Amino acid sequence: MAAPKKIRLGDLLVESKTISEQQLMTALSEQKKSGRKLGAALIDLGYITEDQMLKFLSQQLQIPFVDIRQYRFDQEMVRKLPEIYARRFRALLLDEQNGECLVGMADPLDIFAFDDLSRILKKPIRQAVVRESDLMSTIDKVYRRTDEISSIAEELGEELTETDIDLAQLASTSDVSEAPVVRLLQTIFEDAVVAGASDIHIEPDESVLRIRQRIDGVLQEQVMNEKRIASALVSRMKLMANLNISEKRLPQDGRFNVRIKEKSIDVRVSTMPIQYGESVVMRLLDQSGGTANLDEVGMPDAIRDRMRRNVNKPHGLVLVTGPTGSGKTTTLYAALSELNKPETKIITVEDPVEYRLPRINQVQVNPKIGLTFAGVLRTALRQDPDVVLIGEMRDTETAEIGLRAAMTGHLVLSTLHTNDAVSTANRLIDMGAEGYLVATALQAILAQRLIRRICSDCSAPYEPDAHERVWLRNLLGDAFTAIEFKKGTGCPHCNNTGYRGRIGVFELLEIDEPLADALRRNDSSGFAKAAAANKDYRKLAFNALDYARQGITSLEEVVRVSGEIDEIESIESVVEAGESPEAEA
């Protein structure tokens with residue numbers, strides 16, 4: 000295909016009456032100030048939308064407009080155009096047929112980019128116009144660093160022979176910035192940040208090294224044959240986290256900060272001796288965005304308003320529950336960010352301190368030196384706090400101190416590892432807390448989960464299977480047949496998982512008089528019945544199902560988060576009692 004003709008975009012837009020002459024003059028003036036291209040200036044000024052601009056260019060240049068989000072491409076073929084040129088020219092190799100390359104470009108008028116791409120690809124080029132924002136996000140996903148990780152690992156494996164290397168010396172060498180082990184670590188971190196991973200697992204096996212990343216709550220694995228590099232990697236990470244590199248028999252914990260792609264990442268490191276070396280898990284916490292508030296954690300408006308009302312009370316206990324990795328800490332910090340005012344004294348007791356907040360007195364427990372939750376909590380209450388956050392109620396002593404603090408004029412926020420709101424109060428009693436204490440102090444219980452969002456680029460209609468139809472019929476009766484469910488089919492944008500990103504699902508149970516009476520009597524079944532009768536209480540299953548109705552998540556995720564059989568049994572008991580579960584919800 001011939002190179003694109005040089006056209007004057009502004010004149011064509013005025014001639015087609017898409018913009019006015021005055022708007023063009025204003026945009027040209029803005030272009031001179033910012034140095035950006037005319038099209039970007041017009042879009043920034045609001046004279047034309049990006050889609051209008053792209054469709055106009057498509058018509059004028061007689062080239063197709065391609066929506067990359069819906070385009071299915073082969074990642075191996077895309078990578079034939081090196082990443083450095085894809086980013087420099089804002090271009091993506093989409094297809095290769097009949098000796099021609101189809102290249103999507105954010106600016107198809109860039110003649111110099113066209114010429115360079117033709118030279119690099121060594122084939123004739125057919126242009127397509129694409130959205131720049133979609134192009135850049137696709138480049139981030141397609142050019143992930145997995146190949147580079149393997150390449151550096153091979154290079155490092157060649158350097159680390161079995162006989163002539165002192166791993167500790169390698170890790171602490173003054174020329175560490177050039178060491179392949181450090182480049183490998185940097186590449187692993189960059190790949191994890193691009194992929195949105197929350198954890199990195201480094202696990203040596205008998206003959207291989209596994210690097211796994213937890214993305215949207217699910218581990219994705221990369222296996223490398225260079226097992227010898229495991230010791231060097233662990234030594235380097237121990238140095239970064241100020242751990243003892245010579246101690247390989249005992250677990251160690253530490254943390255360090257790294258800056259990756261303009262983000263400040265706090266890394267929590269945990270090492271553990273295993274059969275073939277040391278396993279390392281690094282949890283990544285993005286500190287650059289600050290902490291969210293209650294408006295930003297994704298609660299439905301009704302639950303958010305009720306939660307806000309409870310955390311703004313002068314005293315009482317508010318519990319957030321859910322399994323590990325369900326976002327409990329994020330919710331508690333969101334509540335703290337709203338309470339964090341000059342007139343409010345806040346003390347937190349945590350293990351570990353995950354986010355550092357100004358004005359808040361944060362204490363990290365250390366059982367090795369006797370700095371336990373209960374011990375710190377006693378001291379904290381002598382520091383005249385208005386609000387106390389307890390990272391987790393792990394034992395009877397901590398629970399009782401927290402409950403008594405909530406009864407004596409303090410607002411106490413804490414977490415428990417339970418499955419739902421109803422079982423949480425009973426868990427406190429099972430731990431040894433007196434029923435009258437729980438009934439008097441407990442104000443509200445928020446249970447939550449994180450469920451995966453369907454990838455918007457490969458979302459497709461889905462018909463429930465036989466098991467899911469039984470589950471739905473127990474939950475909703477025959478009304479479920481009117482719902483149109485969706486599921487991700489898998490595409491390059493979601494790494495063929497069908498999911499991209501997560502969203503919170505919540506249930507909030509506020510303690511009213513019937514619930515408090517059941518707690519005083521230590522009546523767990525009476526508490527469950529009183530919860531079912533509470534007009535404001537709506538189970539996790541129904542709230543998750545709302546997202547499936549809206550096409551945000553899949554039925555598979557709803558079933559998973561609802562606890563499957565346990566949830567069906569609880570719904571069936573309501574149905575047998577002659578009540579409508581949907582009405583109760």
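Every letter in the sequence shown is one number past the one before it in numbering that gives the first Met the number 0, and letter 75, counting from 1, is 74. The beta carbon of each residue, even a glycine, is placed where N, CA and C say it ideally should be. Please read all numbers here as calculations on a predicted model, not as lab measurements.
Exposed or buried, residue i, counting other C-beta atoms within 10 Å across all chains shown (16 or more means buried)?
i: A112; result: buried
i: T186; result: buried
i: G487; result: buried
i: A301; result: exposed
i: P123; result: exposed
i: A576; result: With a pLDDT of 44 at A576, under the threshold of 50, the modelled position of this residue cannot be trusted; read the value that follows with caution. Classification for A576: exposed.
i: G98; result: exposed
i: A532; result: exposed
i: K121; result: exposed
i: R235; result: buried
i: S176; result: For S176, the pLDDT reaches just 43, beneath the cut-off of 50, and the residue's location in the model is therefore unreliable, leaving the point undetermined.
i: S524; result: exposed
Out of the options, which has the shortest C-alpha to C-alpha gap to residue i?
i: G45; options: L56, R520 and L23; result: L23
i: V411; options: R209, G431, G315 and V560; result: G315
i: D653; options: M281, N241 and G324; result: Given a span of 0 to 584 for the chain in the structure shown, any question on residue 653 remains unanswerable.
i: Q58; options: F505, I482, V128 and R377; result: V128
i: V393; options: I210, E189, P366 and S206; result: Residue identity check: residue 393 is Arg in the sequence provided, not Val. Among I210, E189, P366 and S206, the Cα nearest to that of R393 belongs to P366.
i: R472; options: Y461, D419 and V558; result: V558
i: T397; options: R377, Q382 and R381; result: R377
i: N241; options: V266, E225, E189 and D133; result: V266
i: L554; options: A334, R468, F55 and L208; result: R468
i: L518; options: A432, R537, T137 and A540; result: A432
i: F88; options: Y332, Q126 and L53; result: Q126
i: Q221; options: Q74, I228 and L208; result: L208
i: D285; options: P272, I264, L293 and T417; result: I264
i: D350; options: K344, V375 and T343; result: V375
i: E95; options: D73, I83 and I110; result: D73
i: P341; options: V386, R248 and L12; result: V386
Three-state secondary structure (DSSP) at residue i?
i: P585; result: For the chain, the structure presents residues 0 to 584; residue 585 sits outside this window and is missing.
i: R209; result: strand
i: K140; result: helix
i: Y546; result: helix
i: K312; result: coil
i: N365; result: strand
i: G476; result: helix
i: P179; result: helix
i: G401; result: helix
i: T17; result: coil
i: A196; result: strand
i: R468; result: helix
i: S524; result: helix
i: D429; result: helix
i: K485; result: strand
i: K262; result: strand
i: V348; result: strand
i: Q382; result: coil
i: Q377; result: It should be noted that the sequence gives Arg, not Gln, for residue 377. The answer is helix: DSSP assigns R377 an H, G or I state.
i: G9; result: helix
i: E189; result: helix
i: I244; result: coil
i: M52; result: helix
i: T496; result: coil
i: P272; result: strand
i: E575; result: Here the model assigns E575 a pLDDT of 42, short of 50, so the residue's position is not dependable, and the following value carries that caveat. Of the three classes helix, strand and coil, the one that applies to E575 here is helix, per DSSP.
i: Y435; result: helix
i: A170; result: For A170, the predicted model reports a pLDDT of 39, less than 50, meaning its position is unreliable; a value from the coordinates is still stated below. A170 falls in the helix class under three-state DSSP.
i: T320; result: strand
Which whole-angstrom value is the C-beta distance of residue i and residue j, which I expect to be below 8 Å?
i: V233; j: G253; result: Wrong, their Cβ atoms sit about 12 Å apart, outside the cutoff.
i: I453; j: G550; result: 7 Å
i: A90; j: L116; result: 6 Å
i: R211; j: H200; result: 4 Å
i: D139; j: V193; result: 5 Å
i: K327; j: Q447; result: 7 Å
i: G390; j: R520; result: Not a contact, Cβ separation roughly 30 Å.
i: V102; j: F188; result: Contact flag wrong, Cβ pair sits at about 31 Å.
i: L37; j: L27; result: 7 Å
i: F541; j: V421; result: At roughly 14 Å, the Cβ-Cβ gap does not stay under 8 Å, so F541 and V421 are not in contact.
i: A229; j: P250; result: Between P250 and A229 the Cβ distance is about 16 Å, and since that is not below 8 Å, they are no contact.
Consider the Cβ of residue i: report whether some Cβ of chain D lies at a distance smaller than 8 Å.
i: H492; result: Absent from the structure: chain D. Only one protein chain is present.
>> Counting beta carbon pairs with one atom in the segment 437–444 and one in the segment 358–371, are three or more of them shorter than 8 Å?
In response: no
> Using 8 Å as the threshold, is the segment 478–494 in touch with the segment 505–514, meaning 3 or more CB pairs across them?
Replying inline: no
> Is the number of C-beta pairs between the segment 490–504 and the segment 398–417 that are closer than 8 Å three or more?
Replying inline: no
> Counting pairs of Cβ atoms below 8 Å between the segment 292–307 and the segment 330–347, do you hit three or more?
Replying inline: yes
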